[in-house]
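Numbering of the sequence shown is given in this note's numbering, commencing with residue 53 and proceeding in unit increments.
Beta carbons are placed, not taken as given, at the ideal position from N, Cα and C, and that holds for glycine.
Computed from a prediction, not measured in an experiment: that's the story for all the values here.
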Amino acid sequence: MGMTLAERILAKAAGREQVTAGEFVVADIDLALLHDIFAAQVFDLLRDVGVGRLFDPTRTVVVIDHLVPAPSVEAASVHQRIREHVSRLGITTFYDAGEGICHQLLPERGHVRPGMLIVGTDSHTTTYGALGAGGTGIGTSEMVYALATGRLWFRVPETIRFELTGDLLPAVSWKDVILYLAGRFGADAAQYRAMEFGG
């Protein structure tokens, strides 16, 4: 049997012919996403450990979208620190407050493409799988390492495959199908697993 999409993405990123579920690999990341909840902390940590340059500033996207408008002076100060770090590090893709939500901006502006391996400081980074990309949320220390080196370790996920047959009724959308599956199998049924859909 051939590799799943998740296995193909990780094999390519790891420079390997093949990988299997459960295996650990070190892979090159194609894109790193940070938003305003964690970006300042990540950039401060980079500075504190002596990293003055990112592995590739053109493959880093920063979005201020969670605390918009800034609900406090402290949040506004964090936004300003992020802007200063973005400038200092030469990050070329920065979406400031009011420009949109990260997980809509990245696909709409062409940052997410099939086959890419994307890491982000947000659990919803996994939604890029709907576009044929591999995406996963990571913590601040992992992001520091990823931004410094362009690489990260991953466990190749087991894949759950759904074969869907038949036609949708006129009032039913694919979102309804996903909500049904989540209700039937539970929100954590695919935790640290990939899901593929066919039929």
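Please report how far the alpha carbon of Ala185 lies from the alpha carbon of Leu97, in whole angstroms.
Here the alpha carbons of Leu97 and Ala185 stand approximately 28 Å from one another.
Please list the terminal residues of the continuous alpha helix (DSSP H) segment that includes Asp228.
First-last of the alpha helix (DSSP H) with Asp228: 226–237.
Thr56 by DSSP, collapsed to three states: which one?
Note: Thr56 maps to coil in three-state DSSP.
Going by beta-carbon coordinates alone, are Ile153 and Asp88 separated by less than 8 Å?
Cβ atoms of Ile153 and Asp88: not closer than 8 Å.
Assuming Phe90 and Thr179 form a contact by the criterion Cβ under 8 Å, report the distance between their Cβ atoms to the nearest whole angstrom.
Between Phe90 and Thr179 the beta-carbon gap is near 18 Å, outside 8 Å, which marks them as no contact.
Give every residue of the same chain whose Cβ lies closer than 8 Å to the Cβ of Asp80, excluding the five residues on either side of it in the sequence, and list them in chain order.
Hits under 8 Å: Ala65, Ala66, Gly67, Leu169, Gly202, Arg203.
Nearest-angstrom beta carbon gap, Glu75 and Val208 [assumed within contact, 8 Å]:
Indeed, because the Cβ distance is near 5 Å, the residues count as touching under 8 Å.
Who are Leu85's beta bridge partners in DSSP?
BP columns for Leu85 point to Val113, Gly172.
Closest by C-alpha distance to Gly251, when choosing among Ala239, His137, Thr217:
Closest option to Gly251, Cα to Cα, is Thr217.
Alpha-carbon to alpha-carbon, Ile61 and Ala242
Taking the straight line from one Cα to the other gives about 18 Å.
Along the chain, where does the beta strand (DSSP E) that runs through Phe206 open and close?
It spans 203–207 - the beta strand (DSSP E) in which Phe206 sits, taken as one unbroken run.
Among the candidates Ala73, Gln156, Val78, whose CA atom is the shortest distance from the CA of Ile116?
It is Gln156 whose Cα lies nearest to the Cα of Ile116.
Tell me whether His176 is buried or exposed, calling it buried when 16 or more other Cβ atoms sit within 10 Å of its Cβ.
Counting the other CB atoms within 10 Å of its CB gives His176 a total below 16, which places it among the exposed residues.
Around the C-beta of Gly162, are 16 or more other C-beta atoms found within 10 angstroms, so that it is buried, or is it exposed?
Burial is judged here by how many other beta carbons sit within 10 angstroms of a residue's own beta carbon; Gly162 has fewer than 16 and is exposed.
8 Å contact criterion, which Ala92 and Val130 should meet: CB distance rounded:
The distance from the Cβ of Ala92 to that of Val130 is about 5 Å, consistent with a contact at the 8 Å cut-off.
Considering only the beta carbon of each residue, do Arg105 and Asp82 sit closer than 8 Å?
The Cβ atoms of Arg105 and Asp82 lie no closer than 8 Å to each other.
Distance check for Ala58 and Leu233, CA to CA, integer angstroms please.
So the two alpha carbons sit approximately 20 Å from each other.
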